[in-house]
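Trainee: This structure is in structure tokens; I'll ask about it shortly.
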Amino acid sequence: MELKNNKSRELWISKIGFIFAAAGSAIGLGNLWRFPYVTGMHGGGAFVLIYLLSIIAIGFPIMMAEFVIGRRTRRNPVGAFAELGKKKGWQLVGWLGLATGFILLSYYSVVGGWILDYLLKSFRGLFHGKSPSEISGMFDMLMKNPMRQVFFHALFLVSVTYIVSRGIHKGIELWNKILMPLLFGMLLLLMVNSLFSSGAREGLKFLFCPDFSKITAASILEAMGQAFFSLSLGLGTMITYGSYLRRDVSLMSSATEICALDTMVALVGGIVIFPIVFTYGLAPSAGPGLFFVTLPVVFSVLPGGRIVAFFFFLIVTFAAITSAISMLELVVSYFIDERRWTRKKASIIMGFAIFLFGVPSALSFNILKDVTLIKEMNIFSFLDFLVTNYMLPIGGLLIAIFCGWFLSRKESLDEIRVLGGNIIVYRFWRFIIRYVTPFAVFLVLSWKAGIIAI
Ligand code: TRP
92 MELKNNKSRE LWISKIGFIF AAAGSAIGLG NLWRFPYVTG MHGGGAFVLI YLLSIIAIGF
152 PIMMAEFVIG RRTRRNPVGA FAELGKKKGW QLVGWLGLAT GFILLSYYSV VGGWILDYLL
212 KSFRGLFHGK SPSEISGMFD MLMKNPMRQV FFHALFLVSV TYIVSRGIHK GIELWNKILM
272 PLLFGMLLLL MVNSLFSSGA REGLKFLFCP DFSKITAASI LEAMGQAFFS LSLGLGTMIT
332 YGSYLRRDVS LMSSATEICA LDTMVALVGG IVIFPIVFTY GLAPSAGPGL FFVTLPVVFS
392 VLPGGRIVAF FFFLIVTFAA ITSAISMLEL VVSYFIDERR WTRKKASIIM GFAIFLFGVP
452 SALSFNILKD VTLIKEMNIF SFLDFLVTNY MLPIGGLLIA IFCGWFLSRK ESLDEIRVLG
512 GNIIVYRFWR FIIRYVTPFA VFLVLSWKAG IIAI
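Count the sequence shown with this note's numbering and you get residues 92 to 545, in order.
Below, the structure is given as structure tokens:
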């Protein structure tokens, strides 16, 4: 009896640990900062619906595919594709993932820097008693200040690099177990507050009533990209996480739980933010500053708002760092595994290179604001557009094709059907990953690129 209990407890702990690690990577600025602002820019309800569809038909099956590839090989993405792919070309998918992770972290860290700046502001009680227009003014001031942004961008990356270089992110993942539920609890409280505000009706209507006239090829691509971004898919993060996973944990239920948690946090984030937008007459389409102008407005009037603000930004900082760790770890693990660098050397060199690469993004709201690449986008928006709209979906498409068509049925069946998992469910997944997912991603990409017209 003793033994049996122990055994099942051990199993449970290991699965929960993995879920928290993967959820820690998935839950981050993508949910709280990016999801509300892109939803706001693409008109609300219909966008959210397409986002949810993308999670189910594209995100979930690809997450399973990444876990299968990772656990099968127990290697980093470049090594995994080298081993399974037989043909050399597949390694390129691993390379694409590394490049994407590098670029993604370079601007993610700029936003991480904004969060640090807001953490400091909330610590100093700067939001307290300020009017909404003063609070928007604070964000504009930060955007106009190049040195401050570069400084906080550096500080954010130094923290991430430090953690990855010491290899202590496994310990950090323990903190995940405490802080992620706390984040969720805090969001629920803020949600109740928002639901009682005068803009609640309008906010919820914006978020949940689809108006399909606002949907274009661009917004469908953006919704799909957001699903990849939020679930940390398309560049091999989940391949790496899967590679540490014990064989007796079910991939299907893990992926279900991670997708559900991540989606819940994004939706709750939206339910917090949009009622505030309508209560205070802010613009839903404000862009990347939306998160930074809405929440402090609530903190400025909430009883005890000073303390709530500080803890909130502290936890969001943590969520951002755990996501950023998973991006740097991906790049670093390649240099450790395949180039035999030490962890310290790999983290410091890559951390510094990513910092330098990110500087133009930090400057794209001030010194470099007139440098527009395609379609009036500044450097920051262009990199984000390139990564979320193209690099992640293309990476995901290749991962789906690889897993569905190049991995033998036996190989994926072996991984998915542990503990006698349901064969019907496996067949369903295999059908989706072979036919539906690649086709859907391909269709959206080519529609946007103007190759086909619908
Ligand atoms: N999912 C994270 C977020 O929502 C960001 C992230 C971490 C990510 N690792 C990734 C995105 C890998 C794409 C790929 O903030």
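Glycine included, each C-beta is placed from N, C-alpha and C at the ideal position. Nothing here was measured: the structure is a model prediction, and the numbers come from that model.
Using the C-alpha atoms, what's the distance from L248 back to S213?
Mentor: Reading the sequence shown from its first residue, position 122 is the one you call residue 213. Reading the sequence shown from its first residue, position 157 is the one you call residue 248. Approximately 21 angstroms between the Cα atoms of the pair.
Trainee: The alpha helix (DSSP H) with S321 in it runs from where to where?
Mentor: Here residue 321 corresponds to residue number 230 of the sequence shown, with the count starting at 1. A308 to S321 is the span of the alpha helix (DSSP H), which, as asked, contains S321.
Trainee: When we look at the beta-carbon of K305 and count the other beta-carbons within 10 Å, is it buried (16 or more) or exposed?
Mentor: As a first step, residue 305 must be located in the sequence shown, where it is residue number 214. Counting Cβ neighbours within 10 Å, K305 comes out exposed, since fewer than 16 surround it.
Trainee: Starting from E429, trace the alpha helix (DSSP H) in both directions and tell me its first and last residue.
Mentor: Locating residue 429 in the sequence shown gives position 338, where the first residue counts as 1. Taken as a continuous stretch (DSSP letters only), the alpha helix (DSSP H) holding E429 covers G396 to R430.
Trainee: For the alpha helix (DSSP H) holding R165, just list the boundary residues, first then last.
Mentor: Residue 165 sits at position 74 when you count from the first residue of the sequence shown. Taken as a continuous stretch (DSSP letters only), R165 belongs to no alpha helix (DSSP H), as it is neither H nor E.
Trainee: Could you check how far apart the C-beta atoms of N122 and G360 are, in whole angstroms? I think they sit under 8 angstroms.
Mentor: Locating residue 122 in the sequence shown gives position 31, where the first residue counts as 1. Locating residue 360 in the sequence shown gives position 269, where the first residue counts as 1. About 5 angstroms separates the two Cβ atoms, so the contact holds.
Trainee: For R525, name the three-state secondary structure that DSSP assigns.
Mentor: Along the sequence shown, read from residue 1 onward, the residue named residue 525 stands at position 434. Helix at R525.
Trainee: Write down every uninterrupted run of the alpha helix (DSSP H) in the segment 118-162 whose length is 4 residues or greater and which is fully enclosed by it, in chain order.
Mentor: Entirely contained in the segment 118-162, the alpha helix (DSSP H) runs reaching 4 residues are, in chain order, 126-132 and 136-145.
Trainee: When you compare only the Cα positions, how much space is there between T433 and R165?
Mentor: In the sequence shown, the residue the question calls residue 433 occupies position 342. In the sequence shown, the residue the question calls residue 165 occupies position 74. Using only the alpha carbons, I get a separation of about 19 angstroms.
Trainee: Return helix, strand or coil for L265, following the three-state DSSP convention.
Mentor: Taking the sequence shown and counting its residues from 1, the one referred to as residue 265 is at position 174. Correct three-state label for L265: helix.
Trainee: Using CA coordinates, which residue listed in R431, F287, F403 and P379 is at the minimum distance from L233?
Mentor: As a working note, residue 233 is residue 142 in the sequence shown. Cα-wise, what sits closest to L233 is P379.
Trainee: Is it true that the segment 287-298 meets the segment 517-530, where meeting means three or more beta-carbon pairs spaced less than 8 angstroms apart?
Mentor: No contact exists between the segment 287-298 and the segment 517-530.
Trainee: So which of M315, F138, S376 and D339 has the shortest CA-CA distance to I107?
Mentor: Within the sequence shown, the letter at position 16 stands for residue 107. Minimum Cα distance to I107 is reached at D339.
Trainee: Any heavy atom of the ligand TRP closer than 7 angstroms to the CB of L187?
Mentor: For this step, residue 187 is matched to residue 96 along the sequence shown. Not so, every heavy atom of the ligand TRP lies at least 7 angstroms from the Cβ.
Trainee: Measuring alpha carbon to alpha carbon, tell me which residue in R162, F443, T408 and F404 is nearest V422.
Mentor: Indexing the sequence shown from 1 puts residue 422 at position 331. The candidate whose alpha carbon is nearest that of V422 is F443.
Trainee: Ignore the nearest five residues each way along the sequence and tell me which others in G495's own chain have a CB closer than 6 angstroms to its CB.
Mentor: Indexing the sequence shown from 1 puts residue 495 at position 404. Within the same chain, G495 has close Cβ partners I524 and R525.
Trainee: Please state the DSSP three-state secondary structure of D208.
Mentor: Against the sequence shown, residue 208 aligns to sequence position 117. DSSP places D208 in helix when its eight states are reduced to three.
Trainee: On a CA-only basis, which of V407, P394 and I398 is nearest F383? Give me that one, please.
Mentor: What you label residue 383 is simply residue 292 of the sequence shown in a count that begins at 1. Looking at the Cα atoms, V407 is the closest of the given residues.
Trainee: Compare the Cα-Cα distances from G150 to each of R518, P484 and S537 and report the closest residue.
Mentor: In the sequence shown, residue 150 corresponds to position 59, counting from 1. Closest by alpha carbon: P484.
Trainee: Any chance the CB of G108 is under 7 angstroms from a heavy atom of the ligand TRP?
Mentor: Counting from one through the sequence shown, the residue named residue 108 turns up at place 17. Because no heavy atom of the ligand TRP lies under 7 angstroms away, the Cβ of G108 does not count as near it: no.
Trainee: Can you give, in chain order, each stretch of the beta strand (DSSP E) that sits fully within the segment 217-245 and has at least 3 residues?
Mentor: Counting whole runs of 3 or more residues, the segment 217-245 contains no beta strand (DSSP E) stretch at all.
Trainee: Considering only the alpha carbon of each residue, which of S222, V363, I492 and R518 lies closest to Y157?
Mentor: As a first step, residue 157 is located in the sequence shown; it is residue number 66 there, counting from the start. According to the sequence shown, residue 157 is Glu rather than Tyr. Minimum Cα distance to E157 is reached at I492.
Trainee: Using only CA atoms, which one of T328, L140 and I269 lies nearest to S417?
Mentor: Numbered from its first residue, the sequence shown carries residue 417 at position 326. Nearest option by C-alpha distance: T328.
Trainee: Tell me which residues share the same chain as F109 and place their Cβ nearer than 6 angstroms to its Cβ, disregarding the 5 neighbours each side in the sequence.
Mentor: Taking the sequence shown and counting its residues from 1, the one referred to as residue 109 is at position 18. Within the same chain, F109 has close Cβ partners L336.
Trainee: Can at least three beta-carbon pairs, one atom from the segment 465-478 and one from the segment 279-296, be found at a separation below 8 angstroms?
Mentor: No contact exists between the segment 465-478 and the segment 279-296.
Trainee: Locate the alpha helix (DSSP H) running through P366, then write down its first and last residues.
Mentor: Looking up residue 366 in the sequence shown gives position 275. Start and end: L342 to T370.
Trainee: Helix, strand or coil for G327 per DSSP?
Mentor: Numbered from its first residue, the sequence shown carries residue 327 at position 236. Looking at G327 - three-state DSSP - the assignment turns out to be coil, as it is neither helix nor strand.
Trainee: What does a CB cutoff of less than 7 angstroms around A117 pick up in its chain, not counting 5 residues either side in sequence?
Mentor: By 1-based counting over the sequence shown, the position of residue 117 is 26. S321, L322, S323, I349 and D353, listed in sequence order.
Trainee: Look up M277 in the DSSP assignment and say whether it is helix, strand or coil.
Mentor: As a first step, residue 277 is located in the sequence shown; it is residue number 186 there, counting from the start. Reduced to three states, the DSSP call for M277 is helix.
Trainee: What do you reckon, is the C-beta of F319 under 7 angstroms from a heavy atom of the ligand TRP?
Mentor: Position 228 of the sequence shown, counting from 1, holds the residue named residue 319. The answer is yes for F319.
Trainee: Determine, using beta carbons only, whether V399 and V241 come nearer to each other than 8 angstroms.
Mentor: Numbered from 1 along the sequence shown, position 308 holds the residue referred to as residue 399. Numbered from 1 along the sequence shown, position 150 holds the residue referred to as residue 241. Contact: no.
Trainee: So, at 8 angstroms on beta carbons, what are the nonlocal neighbours of R500 in its own chain, with the 5 sequence-adjacent residues on each side left out?
Mentor: Taking the sequence shown and counting its residues from 1, the one referred to as residue 500 is at position 409. Only R521 meet the Cβ criterion.
Trainee: Here's a check: name, in chain order, each residue in its chain whose Cβ is nearer than 6 angstroms to the Cβ of G325, leaving out the five neighbours to either side.
Mentor: Working through the sequence shown from its first residue, we reach residue 325 at position 234. Counting only Cβ-Cβ distances below 6 angstroms, and skipping sequence neighbours, we find F319, L483, G486 and G487.
Trainee: If I'm right that I226 touches V388 with Cβ under 8 angstroms, what's the distance once you round it to whole angstroms?
Mentor: As a position in the sequence shown, residue 226 is number 135, starting the count at 1. As a position in the sequence shown, residue 388 is number 297, starting the count at 1. Contact holds; Cβ gap of about 5 angstroms.
Trainee: Give the range of the alpha helix (DSSP H) segment to which T463 is assigned.
Mentor: In the sequence shown, the residue the question calls residue 463 occupies position 372. Neither: T463 is in no alpha helix (DSSP H) and is coded neither H nor E.
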